[in-house]
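Below: the structure, in structure tokens.
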């Protein structure tokens, strides 16, 4: 059982401590754009609910997406009057941009967001974040499409929502039920690694984040919610749908080419100490055997079909060599990605070259078997040829797995040490820094890249202003304000 963490992977999930002095456990972000009428009642209602029902320190962050009305003034007034509320201003629009910026800068271990209209019943908030606090899950989403959910909305939005999720299931093989419900949470340690991989800055941000998390094997917890549609919603359905479809195509292409470094998001298998103490069990052997058998079975069928087709135009030896060559290339590529979890283009040519060596061994076994058959019977039946080839391929398959595991795709779990200066050290070897300045600026800059330095500068100034407004800690809930949708 493989339980170690290679460089860049996430540590095992652990239950969060009950409280850390001066630091909220939960940071709820409310992204807003021109919401001067709804913002104050929304924030006060959310604050009252959290103060009455949430057992940990919390923060509410209003993320203003370049509003042009009085929303910034309302947000600042709420931040001045309520210790647990903080306001944050972005000069560019985009829900995804707001969430990524504020989440990347937050020091709370659990990050959440919800729509300003509070369409989702707040009683689902504690069930949403509880699995993240306990260490059971990495992300949590509210689902309007679960069987036990109760939803009030028009047939148009119902059709669009269900059609969109069917598209995600068919194109990206998503298994979560509701991508666009504005009610989600994520652990901060996961967000620090996941958010830099998410490119979208608009409404597709949620979907992209969930798809990448799911493909990386992270655990997504779903909570059935009671949800009432907001008739005054300003979302442009056609434009949003078009952007979402473009995002689906972009993410699907990236997943198909293996260009996303999802191995950064892997976790150890389980947190039970007994899992870590297992000895004499090769890492990942059971999973690799299953994957290899599936790929091998499909490759064998592919090989037999190719052999039967090539046999119509030539002799048995030529047909066997061509069929084995084509199927071996496909087999190496499939095992590289699916069985041994190697993604990206690095080393692909070398792996194919080594795979061809393994192919040569398999060719010798199968060709030798055919030669022996023809030596014993000058005109064997086609079914007899196939039976001999199946037996020879079984022997070659066992040898192929051993060579793949030990030579082509060896299990490199040793981490290299670096003795040079800290600033020249590879990113995955640098010690984690949990200081506020590092969290607030470094990860916000990473999330954006160079094209979003304007937001990073805005983040630095706004967060400095918000810090100056902080009140001394008087009771568990008197902590910095935080996230908002």
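Numbering (my numbering), first residue to last: 19 to 503. Every residue gets a Cβ at the ideal spot worked out from N, C-alpha and C, and that includes glycine. Quantities reported herein were computed from a predicted structural model and do not represent experimental measurements.
Sequence-distant residues of the same chain with beta carbon closer than 6 Å to residue i, five excluded per side
i	result
residue 140	67
residue 191	none
residue 340	328
residue 35	none
residue 358	427
residue 391	398 and 406
residue 372	426
Contact set for residue i: own chain, Cβ-Cβ below 8 Å, skip 5 residues either direction
i	result
residue 172	247
residue 196	159, 160, 161, 162, 163, 164, 179, 183 and 240
residue 86	52
residue 208	28, 156, 157, 231, 236 and 283
residue 136	60, 63 and 64
residue 385	335, 338 and 339
residue 181	none
residue 316	352
For residue j and residue i, believed in contact at Cβ under 8 Å, the rounded distance
i	j	result
residue 57	residue 79	Incorrect: roughly 12 Å between the Cβ atoms, too far for contact.
residue 128	residue 147	5 Å
residue 237	residue 155	4 Å
residue 126	residue 77	6 Å
residue 215	residue 194	With a Cβ gap of about 17 Å, residue 215 and residue 194 do not count as contacting.
residue 134	residue 201	Contact doesn't hold; Cβ gap of about 12 Å is too wide.
residue 388	residue 334	6 Å
residue 150	residue 205	5 Å
residue 360	residue 368	Not confirmed; about 11 Å, so no contact.
Distance between residue j and residue i (C-alpha atoms, nearest Å)
i	j	result
residue 412	residue 393	21 Å
residue 265	residue 92	34 Å
residue 169	residue 62	24 Å
residue 414	residue 383	7 Å
residue 395	residue 424	38 Å
residue 420	residue 331	34 Å
residue 153	residue 303	26 Å
residue 404	residue 322	8 Å
residue 106	residue 267	32 Å
residue 42	residue 124	10 Å
residue 65	residue 166	27 Å
residue 350	residue 54	58 Å
residue 258	residue 226	14 Å
residue 406	residue 319	15 Å
residue 245	residue 122	28 Å
residue 410	residue 343	15 Å
residue 311	residue 348	14 Å
residue 408	residue 305	24 Å
residue 131	residue 213	15 Å
residue 363	residue 276	7 Å
residue 176	residue 94	36 Å
residue 346	residue 365	17 Å
residue 188	residue 110	33 Å
Residue i in three-state terms, based on DSSP
i	result
residue 363	coil
residue 5	The structure shown does not extend to residue 5, since the chain is modelled only from 19 to 503, so the question has no answer here.
residue 154	coil
residue 239	strand
residue 202	strand
residue 325	helix
residue 49	strand
residue 82	strand
residue 103	strand
residue 266	helix
residue 72	coil
residue 88	coil
residue 77	strand
residue 211	helix
Residues near residue i in its chain [Cβ-Cβ closer than 7 Å; skip 5 each side]
i	result
residue 112	83, 219 and 220
residue 522	This structure gives no information on residue 522, because the portion of the chain shown stretches from 19 to 503.
residue 233	273 and 280
residue 356	309 and 313
residue 144	71 and 72
residue 417	379
residue 482	Residue placement at residue 482 cannot be trusted, given a pLDDT of 39 that sits under 50; the coordinates are not used to answer.
residue 269	190, 226 and 229
residue 224	197, 198 and 202
residue 261	220, 221 and 222
Original post:
Is the stretch 321–341 touching the stretch 370–379 in the sense that three or more CB pairs, one from each, lie closer than 8 Å?
Top reply: no
Subject >> the stretch 105–122 / the stretch 41–49 touching (three or more Cβ pairs under 8 Å) >> reply: yes
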